[in-house]
Each structure stands twice: as structure tokens, then as C-alpha cells.
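Q:
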Amino acid sequence: AHWVEGFEDDVDSYEYYTEDKYFQKKKVTDAKGNITEFDYGDRYGADGEKGNLLWVRDARYPVTGEQFEYEYNEFGQKTREINSNNIVTDYTYGDQWGNLTQVVQDPNGLDRITELVYDVAGRVISRTDPMGKTSTVDYNNLGQPLAAYFPEPDSETVTYTYGDNGRLGSVTDNRGTTAIAYETDCDRVASVTDPETGTVSYTYTRRGALESKTLPSGRSWTYHYNYSGVLAGDHVGALKDGDPNTFRDVLDDIKDADGRTAYCYDSCNAMEFFNYAYDQYDDPVSYC
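First residue of the sequence shown: 1, per UniProt numbering; consecutive thereafter.
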């Protein structure tokens, strides 16, 4: 059983299959008595179904008789899905490598077809959507994308550049170029410069934890830590099994650009409070 602290009377209960169906989840009953059931291929069934989900029935099943159903090929790849509205989606693995090459949604109705083409490394190099529009991607020898070409109406080309060590250096699209800079001799991002909004820069503690974030306006948010080395379940100041690698920065609070504490955390990195008031739409309306 599982429950949320403070709502101990609201219990979700779980049932599981035996080893024949690989101990997978059989039934979930929520606090209101609503039941969701699952079935799987057992170890004596067809090769492609063994351990795979065959159907799901939610709490409405006794009334509607509707469920999600799944079919698989001999390799365990999903070949068909039927949702609770009886809409079928078919999946085809049509190249010599067994990659997913076609998805057909509602073949007897809307017949929405998506087709994919792969290179020998299994990367998608072409995708044609149900409107017949094709997007393509070029890669370098390391498998990193160099350019992505998107069809009308945007007709956009997105290009990528990398440094000698393989780190992403820039992304260029219809808006312009976004540049990424790194700290010397490490992979920590020092700044991200957007062609429209400007530069956001970052600094870090000696142990690599985020220390500050400076916005394009020049105003900064700062992050404060204690250095107890505490980990979840450990005592303050302790190292797990004496291993110095378990010592880490524990976030205490985050201060906004005016130096006010916006968020505060306990020793387990759980948020204790945040000093903003929100309206009924969860939009911030004032600082408390």
C-alpha cells in the first residue's frame, strides 16, 4: 500500500502477479475504490508477448467495457495499439535493422501516416508527417546533429556547431544564433547568449554547485549552501562509508535579484517555504 503523508486514510493498494507474469502490477485500487487492472504476456506465451503489457482496464471498464489493448511481433516490438475509444494505431518495423518505419493512426478512418527513415547507426534521418511534409537531419561522424531541415510553413533550417571536445557551441535557427560558452577546462556552462533576449551567465562553487545566475538585465539570483556533506539518511558532517566523494553542497536557500530569500530548503533538499503569493491560476501576484 502507498499513502501521502497527512492523508494516511487515503490509501492506494496494489496487487501483483506471480513469477509466471514476472511479478508485474496486476491491480491498483485508489482511495475511492476505483480499480485499474493490467494484464501481461506470461512466460509460457508467444515470444513477443512475454512480459509485455496486453491490456489496461480503468475504473470505467465495468460500465463501458472499453480498454487499451496491445499487440506485438515475435521480437517484442509493439505492432498495434487500440485505445479505449476503439481507435487503432499500427506500427511497422520495415527496414533491415528492425527500426520503426511507419505509424498509422486510425487506418480505417483518418488514416494518419507517419514514416521514418534511419541511417546504419539507427539515427532518424528523415520523417514524413501525416500532411506529407518531410523533415531531415544531417549528422557528423560522432552522431551529433549538424543540421535539421523543417518543411513549410516555417521552412526552417537549424544548424549546430561543436567545439573540439564535442561540446555544443551554438545553435542557429530563424531567430539567429544562440551561443553557449563553458568554463575553462571543464564542462560547466558559463553563459548562454540568446539572439533576442541576451546573455544569461552562471558561476559555480569550487565543488561545481550553481552559485549565481545573472540575467540579461544584469540582475542576479544567488544560491547558498551549507557544507555539511549531508546526504539523505546521513548525519550532518558525516561522509557515507568514509568516502570523500559523498561530500556535497546542500542547498540552503535561493535569493532573488533584490537579495530577498525566495526559496528555502531543509537538509534533505526539500523545499520548506517560498516567498511568493499566487492567484487562483497559480500565477505569482506578490512577494510575501
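Even glycine gets a Cβ: it sits at the ideal position worked out from N, Cα and C. Treat the numbers as computed from the prediction; the structure is a model and nothing was measured.
Please classify Glu-156: does DSSP put it in a helix, a strand, or coil?
A: As a position in the sequence shown, residue 156 is number 156, starting the count at 1. Of the three classes helix, strand and coil, the one that applies to Glu-156 here is coil, per DSSP.
Q: To which residues does DSSP link Arg-80 through a beta bridge?
A: Along the sequence shown, one-based indexing puts residue 80 at 80. Glu-71, Asp-90, per the DSSP bridge assignment.
Q: Just to check my reading of the structure: Ala-257 and Arg-206 have Cβ atoms closer than 8 angstroms, yes? What is that Cβ distance to the nearest angstrom?
A: Here residue 257 corresponds to residue number 257 of the sequence shown, with the count starting at 1. Here residue 206 corresponds to residue number 206 of the sequence shown, with the count starting at 1. About 24 angstroms; that fails the 8 angstroms criterion.
Q: Run through DSSP, which three-state label would Glu-15 get?
A: Sequence index remark: in the sequence shown, residue 15 carries index 15 (1-based). It is a strand residue.
Q: Between the beta-carbon of Tyr-118 and the beta-carbon of Trp-97, is there less than 8 angstroms?
A: One-based indexing of the sequence shown puts residue 118 at position 118. One-based indexing of the sequence shown puts residue 97 at position 97. Cβ distance < 8 angstroms, so Tyr-118 and Trp-97 count as in contact.
Q: What are the boundary residues of the alpha helix (DSSP H) that Val-120 is part of?
A: Locating residue 120 in the sequence shown gives position 120, counting from the first residue. Val-120 -> no alpha helix (DSSP H), and no H or E assigned at all.
Q: Pull up the distance between the alpha-carbon of Phe-23 and that of Leu-110, whole angstroms please.
A: Your numbering for residue 23 matches position 23 in the sequence shown. Your numbering for residue 110 matches position 110 in the sequence shown. About 38 angstroms.
Q: Using three-state DSSP, classify Glu-37 as helix, strand or coil.
A: To locate residue 37, count along the sequence shown from 1; it is residue 37. Strand.
Q: Within the continuous alpha helix (DSSP H) that includes Pro-62, where are the two ends?
A: Locating residue 62 in the sequence shown gives position 62, counting from the first residue. Taken as a continuous stretch (DSSP letters only), the alpha helix (DSSP H) holding Pro-62 covers 61 to 64.
Q: When you compare the CB positions of Gln-102 and Glu-81, do they come within less than 8 angstroms of one another, or not?
A: Stepping through the sequence shown from its first residue, residue 102 is reached at position 102. Stepping through the sequence shown from its first residue, residue 81 is reached at position 81. No, the pair does not count as a contact, with Cβ atoms beyond the cut-off.
Q: From Lys-240 to Glu-74, what does the alpha carbon distance come to, in whole angstroms?
A: In the sequence shown, residue 240 corresponds to position 240, counting from 1. In the sequence shown, residue 74 corresponds to position 74, counting from 1. Per-residue confidence for Lys-240 stands at a pLDDT of 47, beneath the threshold of 50, marking its modelled position as unreliable; no derived number is given.
Q: Can you pull the DSSP bridge partners for Thr-199?
A: As a working mapping, residue 199 is identified with position 199 in the sequence shown. The partner list for Thr-199 (beta bridge, DSSP) reads Thr-193.
Q: Would you mind giving the Cβ-Cβ distance between Thr-161 and Ser-170, rounded to the nearest angstrom? I have them listed as a contact below 8 angstroms.
A: Counted from its first residue, the sequence shown places residue 161 at position 161. Counted from its first residue, the sequence shown places residue 170 at position 170. Indeed, because the Cβ distance is near 5 angstroms, the residues count as touching under 8 angstroms.
Q: For Thr-89 and Asn-83, I'd like the C-alpha separation in whole angstroms.
A: Against the sequence shown, residue 89 aligns to sequence position 89. Against the sequence shown, residue 83 aligns to sequence position 83. C-alpha separation (whole angstroms): 8 angstroms.
Q: Give me, in chain order, the residues of the same chain whose beta-carbon lies closer than 8 angstroms to that of Arg-167; leave out the 5 immediate sequence neighbours on both sides.
A: Reading the sequence shown from its first residue, position 167 is the one you call residue 167. So the qualifying residues of the chain are Ile-180, Tyr-182, Asp-187.
Q: Out of Tyr-204, Thr-184, Asn-99, Thr-172, which has the shortest C-alpha to C-alpha gap to Asp-194?
A: Here residue 194 corresponds to residue number 194 of the sequence shown, with the count starting at 1. Cα-wise, what sits closest to Asp-194 is Thr-172.
Q: Closest by CA to Thr-134, which one among Pro-145, Tyr-149, Gln-144?
A: Position 134 of the sequence shown, counting from 1, holds the residue named residue 134. Selected option, being the one with the closest Cα: Tyr-149.
Q: Using a Cβ-Cβ cut-off of 6 angstroms (strictly less than) and excluding sequence neighbours within five positions of Arg-127, which residues of its own chain qualify?
A: Translated into the one-based positions of the sequence shown, residue 127 becomes position 127. Cβ neighbours of Arg-127 beyond the five flanking positions: Leu-116, Ser-135.
Q: So for Asp-173, helix, strand or coil by DSSP?
A: Within the sequence shown, residue 173 is the residue found at index 173, counting from 1. In this structure, Asp-173 counts as strand in the three-state DSSP scheme.
Q: Considering just the uninterrupted stretch of the beta strand (DSSP E) at Asp-138, what are its terminal residues?
A: Position 138 of the sequence shown, counted from the start, is the residue given in the question as residue 138. Element bounds for Asp-138: 134 to 139.
Q: So for Lys-32, helix, strand or coil by DSSP?
A: For this step, residue 32 is matched to residue 32 along the sequence shown. Coil.
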